[in-house]
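Participant:
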Amino acid sequence: MKLYLEDLSVGQVFHAGPQTLTAEAIIAFAREFDPQPFHTDPVAAAAHPVFHGHCASGWHTAALTMRMLVQAVGDLGWGVVGGGGSDLSWLRPVRPSDALRVEVKVLELIPSRSRADRGTAVIRSRTLNQRDEEVQVFTSRLVVPRRPHGAG
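The sequence shown begins at 763 in the working numbering and counts up one residue at a time.
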């Protein structure tokens with residue numbers, strides 16, 4: 763069933779995951795998109811003064827969060843269409859064998875004043891590891907269709 767702006771409510775929460783990371787996946791992602799030794803080389807990462815060990819790129823965490831966000835709220839009428847975001851924070855390193863999950867909370871619903879067929883859902887995505895520690899938090903704006911007139 764497709765979800766429309768009218769089907770959402772402030773405070774509503776969606777969940778998805780877990781998504782477990784492997785050292786191999788962390789290295790493969792980093793080699794292509796964020797080739798830094800603390801992501802690509804576990805031995806070099808052990809000596810890093812901030813991370814103290816092998817960890818995933820924040821962009822890898824963001825990509826996994828996006829996958830889980832689609833799983834959580836993918837029934838939105840037009841899909842998960844981003845309209846911007848703010849306050850992206852990486853709060854702690856994501857390590858090999860971490861099992862991530864996402865919690866998505868609807869913060870605000872704003873019908874468009876100029877386009878009657880859509881609105882905006884402001885959401886806050888919290889990505890948590892298996893210890894329920896926040897590893898990433900992101901506030902974003904999704905473009906969500908309004909229910910067509912006459913649609914159930």
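Here a beta-carbon is modelled for each residue, glycine too, at the ideal position from N, C-alpha and C. Predicted model only: the values in this text are computed from it and were never measured.
1. By how many angstroms is the C-alpha of Leu765 removed from the C-alpha of Gly846?
2. Could you check whether the region 895-910 touches the region 836-852, counting it as contact only if at least three pairs of C-beta atoms, one from each stretch, sit closer than 8 Å?
3. With a CB to CB cut of under 8 Å and the five nearest residues on each side skipped, what residues in its chain are close to Phe813?
4. Quick one: which unbroken alpha helix (DSSP H) runs of 4-plus residues sit fully inside the region 774-801? Chain order, please.
5. One question on the structure: do Leu890 and Arg863 come within less than 8 Å of each other, judged by their Cβ atoms?
6. Taking DSSP as the reference, what is the three-state secondary structure of Trp852?
7. From Ser848 to Glu786, what does the alpha carbon distance come to, in whole angstroms?
8. Checking 8 Å against the spacing of the C-beta atoms, do Pro910 and Leu767 come in under that value?
9. Report yes if the C-beta distance between Gln898 and Thr784 is below 8 Å; otherwise report no.
10. Take His816 as the anchor and find which of Ile788, Asp796, Ser876, Ser887 has the nearest alpha-carbon.
11. Starting from Arg829, follow the beta strand (DSSP E) in both directions and report where the run begins and ends.
Facilitator: Quick look at the numbers:
1. The sequence position of residue 846 within the sequence shown is 84, counting from 1. The sequence position of residue 765 within the sequence shown is 3, counting from 1. When rounded, the distance between both Cα atoms is 20 Å.
2. Yes, since at least three Cβ pairs between the region 895-910 and the region 836-852 fall closer than 8 Å, the two stretches touch.
3. Locating residue 813 in the sequence shown gives position 51, where the first residue counts as 1. Contacts found: Phe800, Ala807, Pro855.
4. The alpha helix (DSSP H) runs of length 4 or more contained entirely in the region 774-801 are, from start to end of the chain, 785-795.
5. Numbered from 1 along the sequence shown, position 128 holds the residue referred to as residue 890. Numbered from 1 along the sequence shown, position 101 holds the residue referred to as residue 863. Inclusion of Leu890 and Arg863 in the CB contact set at 8 Å is warranted, their separation being smaller than that value.
6. Numbered from its first residue, the sequence shown carries residue 852 at position 90. In this structure, Trp852 counts as strand in the three-state DSSP scheme.
7. As a first step, residue 848 must be located in the sequence shown, where it is residue number 86. As a first step, residue 786 must be located in the sequence shown, where it is residue number 24. For Ser848 and Glu786, the gap between their C-alpha atoms comes out near 30 Å.
8. Residue mapping note: residue 910 aligns to position 148 of the sequence shown, counting from 1. Residue mapping note: residue 767 aligns to position 5 of the sequence shown, counting from 1. No, these two residues do not count as a Cβ contact at 8 Å.
9. For the purposes of this step, residue 898 is taken as residue 136 along the sequence shown, with counting starting at 1. For the purposes of this step, residue 784 is taken as residue 22 along the sequence shown, with counting starting at 1. No, they are not a contact pair.
10. Position 54 of the sequence shown holds residue 816. Considering only alpha carbons, the answer is Ile788.
11. In the sequence shown, counting from the first residue as 1, residue 829 sits at position 67. Premise fails: Arg829 lies in the alpha helix (DSSP H), 820-835, not in any beta strand (DSSP E).
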